[in-house]
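With the numbering used here, the residue at position 335 of the sequence shown is 335, and numbering never jumps.
Cβ atoms here follow ideal geometry from the backbone N, Cα and C, with glycine treated the same way.
Quick caveat, the model's predicted, so the values are computed rather than measured.
Since the structure comes first, as structure tokens, the remarks are kept for the end.
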Amino acid sequence: MAHLKKSVEQASGYKDRWWIPRFWNGMSMSGWFPLLARNRFQIGVRCMVMALINTCITPVNAAFWAVQALLFGRRIARTEIKDDPIFIVGHWRSGTTMLHELLVLDERHTYPDTYQCFAPNHFLVSSWFFRRMLRLLLPSRRPMDNMAAGWDRPQEDEFALCNMGIRSPYLTIAFPNRPPQDQEYFELKDVPPEELGRWKQALLWFLKCLTLNSPKRIVLKSPAHTFRLKTLTQLFPDARFIHIVRDPYVILPSTVNLWKRLYRDEGFQTPKYEGLEEHIFRTFSRMYRVFQRDRRLIEPSRFCEVRYEDLVADPIGQMRTIYDRLELGGFDEVLPALEKYVADQADYRTNRYEISSETRAEISRRWSAYIEQYGYSPQVAEV
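What follows is the structure, given as structure tokens:
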């Protein structure tokens, strides 16, 4: 295991709060009870209360879902997604969150926020009430990297799919001591046709709800979508894709920190972290094998690549390049918001870790194709 200079808690400056909402609190009954059954109800002793709370909340989610279907069901079904989404893809901890926050500064864009991904089944009818009620319970900073958090902040749509009862590799977070969950739902090619159809329908339904709430072009970011270019281009032929890359000697320890924190905070077991680093190595290699194969399906005018290091060094210049490359237009209108964001983030500092020479050598050996393609070399790691 890579040697982390700081503990998970020190790296984030985050203190445990047993009362904060968990993502699974927004899960449907059709997602929660099958998840328990598939994992043989192997809930850790310290997590019993959290699991009981989740069990009590799921009928509430079901009731609000029924109300939303009654009030908005027909309108959701008729809603048209006029502009295909912009997808931000790349490995976890490669800078997708920063890029997401920069893109949604454009008032022509919308995005799934944390509450909408927390309560995807009923946010159209529950948002006005629960946002206020839960506002004080959510930490102001993300535990893994100390970036700003909040119900209105951009969030990964993969969590919305989980809470809608769709199978996802992210469900590994809920039971981290069990074998990795639903790995076929990364690439989707080995998912049975009926289940693949259900996955597509769920994603489209969620995006229609977002569009009904705010009829603008949607910006989505999910590292899991890096595997899914083939499926996403079939669903959205005119979608734009932005791929962000980062120094792999940074990505590994930072991703270890990410999953450790999520396993500990969101899991229903006390995590052992067994095989975690190996899982990250294999997932990364598989991701970029699939990505490099399928990126040719996207026309050059709808695809852009950016390095995290360049984005941090010159965010305005890199965003201008993205707008030009994807023919988004309107850059001058969004420039003042970008400049304000950059000024507000001037004091932000990334966490720093050191990795052992053995781990560095393993990254060089196993991720050599990525390192060569994107021009990285061994150096002091910053995460």
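Three-way DSSP call (helix, strand, coil) for residue i in this model
i: GLU354; result: coil
i: LYS221; result: strand
i: ARG320; result: helix
i: HIS109; result: strand
i: ILE20; result: coil
i: ARG302; result: helix
i: ILE86; result: strand
i: ARG261; result: helix
i: ARG93; result: coil
i: SER126; result: helix
i: ASN61; result: helix
i: TRP367; result: coil
i: ASN54; result: helix
i: ALA361; result: helix
i: PHE41; result: coil
i: GLY275; result: coil
i: LYS200; result: helix
i: LYS230; result: helix
i: SER377; result: coil
i: MET144; result: Only weak support is given to the placement of MET144: the predicted model assigns it a pLDDT of 49, under 50, and the value that follows is read from those uncertain coordinates. Note: MET144 maps to coil in three-state DSSP.
i: GLY73; result: helix
i: ALA313; result: helix
i: VAL334; result: helix
i: LEU210; result: helix
i: PRO193; result: helix
i: ILE251; result: helix
i: ASN121; result: coil
i: LEU188; result: coil
Bridge-paired residues (DSSP) for residue i
i: VAL245; result: ARG307
i: ARG240; result: ILE86
Residue i versus residue j: straight-line alpha-carbon distance, rounded
i: ILE20; j: ALA160; result: 18 angstroms
i: LEU297; j: GLU187; result: 15 angstroms
i: HIS109; j: ASP152; result: 14 angstroms
i: LEU70; j: PHE23; result: 25 angstroms
i: THR359; j: GLU339; result: 38 angstroms
i: HIS122; j: ALA62; result: 9 angstroms
i: VAL191; j: PRO85; result: 23 angstroms
i: LYS6; j: ILE363; result: Confidence is the limiting factor: at LYS6 the pLDDT is only 41, short of 50, which leaves the residue's position unreliable and the question unanswerable from this model.
i: ASP247; j: THR97; result: 16 angstroms
i: LEU35; j: LEU102; result: 35 angstroms
i: ASP196; j: PHE227; result: Note that residue 196 is Leu in the sequence shown here, rather than Asp. C-alpha separation (whole angstroms): 14 angstroms.
i: TYR323; j: SER94; result: 20 angstroms
i: LEU229; j: ILE81; result: 19 angstroms
i: ARG282; j: GLU158; result: 20 angstroms
i: ASN177; j: GLY44; result: 10 angstroms
i: ASP310; j: GLY26; result: 37 angstroms
i: ASP344; j: VAL104; result: 16 angstroms
i: TYR170; j: GLY150; result: 20 angstroms
i: GLN116; j: SER126; result: 10 angstroms
i: GLU299; j: SER28; result: 38 angstroms
i: ARG198; j: PRO120; result: 15 angstroms
i: SER357; j: ARG366; result: 14 angstroms
i: GLU382; j: PRO315; result: Interpretation of GLU382 is limited by its pLDDT of 48, a score under 50 that renders its predicted location unreliable; no figure is taken from the coordinates.
i: TYR46; j: ILE53; result: For the record, residue 46 in the displayed sequence is Arg; it is not Tyr. Spanning the two alpha carbons is a distance of roughly 13 angstroms.
i: VAL342; j: ALA66; result: 42 angstroms
i: GLN373; j: VAL245; result: 11 angstroms
i: ILE173; j: ARG40; result: 15 angstroms
i: PHE130; j: THR58; result: 15 angstroms
Of the listed residues the options, nearest to residue i (C-alpha basis)
i: THR231; options: LEU252, ASN213 and PRO193; result: PRO193
i: LEU326; options: ASN54, ARG307, PHE303 and PRO237; result: PHE303
i: MET50; options: SER94, VAL290 and THR270; result: THR270
i: ARG403; options: ARG74, SER30, ASN25 and VAL89; result: The requested residue 403 is not part of the displayed model; the chain covers only 1 to 383.
i: THR211; options: SER368, THR79, VAL312 and LYS221; result: THR79
i: LEU203; options: PRO169, MET164 and ASP182; result: MET164
i: LYS208; options: TRP367, SER357, GLN42 and PHE72; result: PHE72
i: ARG240; options: LEU220, TYR353, GLN183 and LEU252; result: LEU220
i: SER222; options: LEU276, CYS162, TYR263 and PRO237; result: CYS162
i: TYR185; options: HIS225, GLU266, PRO179 and SER214; result: HIS225
i: PHE33; options: GLN42, GLY317 and THR55; result: THR55
i: HIS100; options: ILE242, ARG40, PRO215 and ILE173; result: ILE242
i: ASP238; options: ILE355, CYS47 and LEU328; result: LEU328
i: LEU276; options: TRP205, VAL256 and ARG293; result: VAL256
i: ASP294; options: ALA37, GLN234 and PRO59; result: GLN234
i: PHE291; options: ALA361, TYR370, SER214 and LYS216; result: TYR370
i: HIS279; options: GLN181, GLY31 and ASP347; result: GLN181
Heavy atom of the ligand GTP within 8 angstroms of residue i beta-carbon
i: TYR308; result: Absence of the ligand GTP from the depicted structure is noted, as is the absence of any ligand whatsoever, leaving it without description.
C-beta neighbour in chain D for residue i, strict 9 angstroms
i: GLU299; result: Although the question refers to chain D, the structure presented lacks it and comprises just one protein chain.
- Task: Tell me the start and end of each unbroken alpha helix (DSSP H) in the stretch 149-177 that is at least 4 residues and wholly inside, in chain order.
- Result: 157-163
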